[in-house]
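Written below as structure tokens is the structure these notes are about.
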Amino acid sequence: MNRRLFLRQAGVSIGLPFLPSLMSPQIAVGSQQAMSGSKKMVCIGNMLGFHPAAFWPSEKQVGIEGGFTAVREFEYGTTTQPLKEIREQSTLIRGLDHDTK
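Heads up, the sequence shown is in my numbering, so the first residue is 20 and it goes up one at a time.
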């Protein structure tokens, strides 16, 4: 084992106790309580096999802002119905795939 490899592995093992997933349950509960107000982000790739017609909302009013389509009033698709509860806190972004096939 060369010196660089040893130092790299030693640096990783020194940092391991500070990772939340490896903490004791008492400390981890405190971390979860502190993070309860944090924001979440969910990304879903279009090529992962969902049915786009059921996922994307139906558009009633469309405006163009900065080259992107901004939908203000829409009806959620059948698979995104549960998001109605958090409509004011959620954003659906579409058209970032650069037409990747």
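In this text, a Cβ means the ideal position worked out from N, Cα and C, and glycines have one as well. For clarity, every value in this text was computed on a predicted model and none was experimentally measured.
Through-space distance from residue j to residue i, alpha-carbon basis
i, j, result
"residue 28", "residue 75", "46 Å"
"residue 31", "residue 93", "48 Å"
"residue 110", "residue 20", "50 Å"
"residue 60", "residue 22", "40 Å"
"residue 112", "residue 105", "15 Å"
"residue 107", "residue 34", "39 Å"
"residue 84", "residue 62", "Low per-residue confidence applies at residue 84: pLDDT is 49, beneath 50, and the placement is therefore not dependable, though the value from the model is reported in the following sentence. Going from the Cα of residue 84 to the Cα of residue 62 covers about 22 Å."
Other residues of its chain near residue i: CB distance less than 6 Å, five sequence neighbours each side excluded
i, result
"residue 25", "none"
"residue 98", "73, 74"
"residue 100", "none"
Same chain, Cβ closer than 7 Å to residue i, neighbours up to 5 away in sequence not counted
i, result
"residue 95", "76, 102, 103"
Own chain partners of residue i with C-beta closer than 8 Å, once the 5 adjacent residues on each side are dropped
i, result
"residue 70", "98"
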